[in-house]
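Colleague:
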Amino acid sequence: MLRIVDIKTDKEKIIKGLKKKRVADVDAQIAHLLQMDEDRRSTQLESDATLNELNTISKQIGTLLKNGQKEAAEQAKTQIGDLKNKSKMLQDKLKTVEADVLQALYNLPNTAHETVPEGVGADDNKVMLEKGSIPSLPDSALPHWELIEKYNIIDFELGNKISGAGFPVYKGKGAKLQRALINFFLDEAAKAGFDEVQTPIVVNSDSGYGTGQLPDKEGQMYGIVDSNLFLIPTAEVPITNLYRDVIVKEEDLPIRNVGYTPCFRREAGSWGAHVRGLNRLHQFDKVEIVQITKAENSYGALEEMCAYVESLLEKLELPFRKLLLCGGDMGFTSAMTYDMEVYSAAQKKWLEVSSVSNFETYQANRLKLRYKEDGKKITLLHTLNGSALALPRIVAAILENNQNEHGINVPKVLQKYTGFDRID
RNA sequence: GGAGAGAUGGGUGAGUGGCUGAAACCAACAGUUUGCUAAACUGUCGUACUCGAAAGGGUACCGGGGGUUCGAAUCCCCCUCUCUCCGCCA
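Residue numbers (the numbering used here): 11 to 434.
Structure, rendered in structure tokens:
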């Protein structure tokens, strides 16, 4: 979340960044927030002064009792009653006001970086790069949801039976292709200097707050009944939360992690004809890269992560484009996001397969993720993450783009992982 | 799942009602000494909010929450987690 101190000192810049995110009534919200914080501050001053008085008297009572002046001590006790009531009242008020301020901060998204384009939705995103050649398929080319039936590699009906819609079952070469992609992505990330971690795929609510899924976005996550746990929507949550409440050693920076996890998303209300087949699922596999850097290095790290993701798509020989998201299309917690989309040639659609974001200090502030600058000043770090990559839409594009009369060609880089070069 | 023990600063660990934001030791950092290294010695060494130009104050925090008390790391209650033993088990 944003920091009050920044809102105070850099108010205009923050208002500008929030407006770009299309936040309603920004000026009024900020004014209200600052007013609440002023209330918080003055309440705390008063409360601290009262506590100080109480502490002083208590110490005096202790001294009196030790010196055997019992009467004087009893008398001191009698005058403490009013003060205690006052103190109690002030502390209760302080708690309320603090909670109000926190709630207001939770409701504010991250500000958009100054170079993020203005815009309200997907149409305003800026295409930065387009690479690879789009295959020209014959009219008989099939969309992936027909290919998976034809070659019997993914079964939605079976998934329906055991779980529900959006939980596919991968079979035979389909299952092997999944495993090949996961291993390929993990090996590539290791080569690029990311340390592999394997985390839990259920997280507690503290972790949900840490990375910004909570509060208010419960609709995205599946909750586990009676356990106060959630199935992760992305490995971003457990991996980034590894560093919650940590003061990192300066020499350990930057931190670079990669992890494979299944991801679970409720996607409430987002179903329809446009999300057939693998285009949108409740459970899918993803390899995620996370980076934690000093403020001055984070935008360099963002570009570097994008370049890494692009290299994966090139190796898979998939045509792709890179978008810089406009303010209105970005996620709540992000300061800048690039999306990578592959072209799936039979359904003639661009499919998002990666989202690479810099959260600056927004998550770090919630996580209390910091380092000691020059061994002295404690400073918030910047967090970043990106998909590298999300599997289902990669699979969809591979199936559609590589189909021919003999079957589906497996990209060369994957063949040593799959053990076959064609699905037929 | 049953029984017991425990959770204190970067680490080990003392502390069972006031003089304890917290001993001691280790680690770390700065300095003195030294031809270099080591050793020795001296000093510094939690976080957040807040007042102050600064120096320096105030408040809170000893797993989390609540309670008793003039006063709680210390007593009581609830929760979480860890360890040991038993049971079960991939």
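C-beta: ideal position from N, C-alpha, C; glycine also.
Along the chain, where does the beta strand (DSSP E) that runs through C273 open and close?
Modeller: Counted from its first residue, the first sequence places residue 273 at position 263. Residues 265-274.
Colleague: In whole angstroms, what is the alpha-carbon distance linking Q54 and D35?
Modeller: For the purposes of this step, residue 54 is taken as the residue at position 44 of the first sequence. For the purposes of this step, residue 35 is taken as the residue at position 25 of the first sequence. Each residue's Cα considered, the two are about 28 Å apart.
Colleague: Where K358 and T393 are concerned, what is the direct C-alpha to C-alpha distance, given to the nearest angstrom?
Modeller: For the purposes of this step, residue 358 is taken as the residue at position 348 of the first sequence. For the purposes of this step, residue 393 is taken as the residue at position 383 of the first sequence. Rounded to whole angstroms, K358 to T393 spans 35 Å at the Cα level.
Colleague: Less than 8 Å between C-beta atoms, sequence neighbours within five positions excluded: which residues of the same chain meet that for V258?
Modeller: If you number the first sequence from 1, residue 258 lands on position 248. These residues qualify, in order along the chain: I265, I302, L379, R380, Y381, L391.
Colleague: Ignore the nearest five residues each way along the sequence and tell me which others in P402's own chain have a CB closer than 7 Å to its CB.
Modeller: On the first sequence, position 392 is the one that residue 402 refers to. For P402, where only same-chain residues beyond five positions count, the Cβ hits under 7 Å are L288, L291, F294.
Colleague: May I ask you to verify whether the stretch 177-187 touches the stretch 423-431, counting CB pairs closer than 8 Å and requiring at least 3?
Modeller: Judged by Cβ distances under 8 Å, the stretch 177-187 makes contact with the stretch 423-431, as three or more pairs qualify.
Colleague: With burial defined as no fewer than 16 other Cβ atoms inside 10 Å of the residue's Cβ, what is the status of A41: buried or exposed?
Modeller: As a working note, residue 41 is residue 31 in the first sequence. A41 should be labelled exposed.
Colleague: Quick one: is Q223 buried, meaning 16 or more other Cβ sit within 10 Å of its Cβ, or exposed?
Modeller: Your numbering for residue 223 matches position 213 in the first sequence. That one is buried.
Colleague: Tell me whether the beta-carbon of M350 lies closer than 8 Å to the beta-carbon of K332.
Modeller: The residue labelled residue 350 in the question sits at position 340 within the first sequence. The residue labelled residue 332 in the question sits at position 322 within the first sequence. The answer is yes: Cβ separation under 8 Å.
Colleague: Along the chain, which unbroken stretches of the alpha helix (DSSP H) at least 4 residues long are found entirely within the stretch 47-124?
Modeller: The stretch 47-124 contains these whole alpha helix (DSSP H) runs: 80-88, 90-117.
Colleague: Measure the C-alpha to C-alpha separation of S173 and E159 and round it to an integer number of angstroms.
Modeller: Translated into the one-based positions of the first sequence, residue 173 becomes position 163. Translated into the one-based positions of the first sequence, residue 159 becomes position 149. Cα to Cα, S173 sits roughly 19 Å from E159.
Colleague: What would DSSP say about I418, mapped onto helix, strand or coil?
Modeller: Walking along the first sequence from the start, residue 418 turns up at place 408. Strand.
Colleague: By DSSP, does V300 sit in helix, in strand, or in coil?
Modeller: Within the first sequence, the letter at position 290 stands for residue 300. Strand.
Colleague: Only counting the same chain, and skipping five residues up and downstream in sequence, which positions put a Cβ closer than 7 Å to that of Q208?
Modeller: Within the first sequence, numbered from 1, the residue matching residue 208 stands at position 198. Correct list, in chain order: G269.
Colleague: Pick helix, strand or coil for D295, following the three-state DSSP scheme.
Modeller: On the first sequence, position 285 is the one that residue 295 refers to. D295 falls in the strand class under three-state DSSP.
Colleague: By the 10 Å Cβ neighbour count, where 16 or more other Cβ atoms means buried, how is A132 classified, buried or exposed?
Modeller: Numbered from 1 along the first sequence, position 122 holds the residue referred to as residue 132. When all chains shown are included, A132 counts as exposed.
Colleague: Does the beta-carbon distance from R275 to P243 come in below 8 Å?
Modeller: Locating residue 275 in the first sequence gives position 265, counting from the first residue. Locating residue 243 in the first sequence gives position 233, counting from the first residue. Yes, these two residues count as a Cβ contact at 8 Å.
Colleague: In whole angstroms, what separates the C-alpha of F330 from that of N135?
Modeller: Start at 1 with the first residue of the first sequence, and residue 330 comes out as number 320. Start at 1 with the first residue of the first sequence, and residue 135 comes out as number 125. Distance between the alpha carbons of F330 and N135 is about 15 Å.
Colleague: Excluding the 5 residues flanking I388 on each side, which residues of the same chain have their C-beta closer than 8 Å to its C-beta?
Modeller: Looking up residue 388 in the first sequence gives position 378. I257, R380, Y381, K382, listed in sequence order.
Colleague: To the nearest whole angstrom, what separates the beta carbons of K296 and A345, a pair I think is in contact under 8 Å?
Modeller: The count along the first sequence starts at 1 and reaches residue 296 at position 286. The count along the first sequence starts at 1 and reaches residue 345 at position 335. With a Cβ gap of about 22 Å, K296 and A345 do not count as contacting.
Colleague: Closest by CA to D205, which one among I211, F195, N214?
Modeller: Residue numbering aside, residue 205 sits at position 195 when the first sequence is read from its first letter. That would be F195, whose Cα lies nearest to the Cα of D205.
Colleague: How big is the Cα-Cα spacing for A317 and E124?
Modeller: Walking along the first sequence from the start, residue 317 turns up at place 307. Walking along the first sequence from the start, residue 124 turns up at place 114. If I take the Cα positions, the gap works out to 22 Å.
Colleague: Spell out the partners DSSP gives R432 in its beta bridges.
Modeller: Taking the first sequence and counting its residues from 1, the one referred to as residue 432 is at position 422. Per DSSP, N419.
Colleague: Below 8 Å, can you find three or more Cβ-Cβ pairs linking the stretch 406-423 to the stretch 140-156?
Modeller: Contact holds: three or more Cβ-Cβ distances are below 8 Å.
Colleague: Helix, strand or coil: how does DSSP classify A200 here?
Modeller: Here residue 200 refers to the residue found at position 190 when the first sequence is read from its first residue. Residue state, collapsed to three classes: helix.
Colleague: Could you check the C-alpha separation between N267 and N117 for me, to the nearest Å?
Modeller: Here the question's residue 267 lines up with position 257 in the first sequence. Here the question's residue 117 lines up with position 107 in the first sequence. Near 29 Å, if we compare the C-alpha coordinates of N117 and N267.
Colleague: What residue does the alpha helix (DSSP H) around V15 start on, and which one ends it?
Modeller: Translated into the one-based positions of the first sequence, residue 15 becomes position 5. Here the alpha helix (DSSP H) through V15 covers 14-19.
Colleague: Which parts of the stretch 122-182 are runs of the beta strand (DSSP E), unbroken and 3 residues or longer, counting only runs that do not cross its ends?
Modeller: For the stretch 122-182, whole beta strand (DSSP E) runs of length 3 or above, ordered along the chain, are 136-141.
Colleague: In angstroms, rounded to a whole number, what distance separates the CA positions of V300 and D384?
Modeller: Within the first sequence, the letter at position 290 stands for residue 300. Within the first sequence, the letter at position 374 stands for residue 384. Taking the straight line joining both Cα atoms gives about 24 Å.
Colleague: Suppose you measure from the CA of D262 to the CA of K386; what does that come to, to the nearest Å?
Modeller: Along the first sequence, read from residue 1 onward, the residue named residue 262 stands at position 252. Along the first sequence, read from residue 1 onward, the residue named residue 386 stands at position 376. Answer to the nearest angstrom: the Cα atoms are 16 Å apart.
Colleague: Which word fits M340, buried or exposed, when buried means at least 16 other C-beta atoms lie within 10 angstroms of its C-beta?
Modeller: Within the first sequence, the letter at position 330 stands for residue 340. M340 is buried by the Cβ-count criterion.
Colleague: Note down, in chain order, each residue of its chain lying with its Cβ closer than 7 Å to the Cβ of E140, except the 5 sequence neighbours on either side.
Modeller: Residue 140 sits at position 130 when you count from the first residue of the first sequence. Closer than 7 Å at Cβ, skipping near neighbours: R331.
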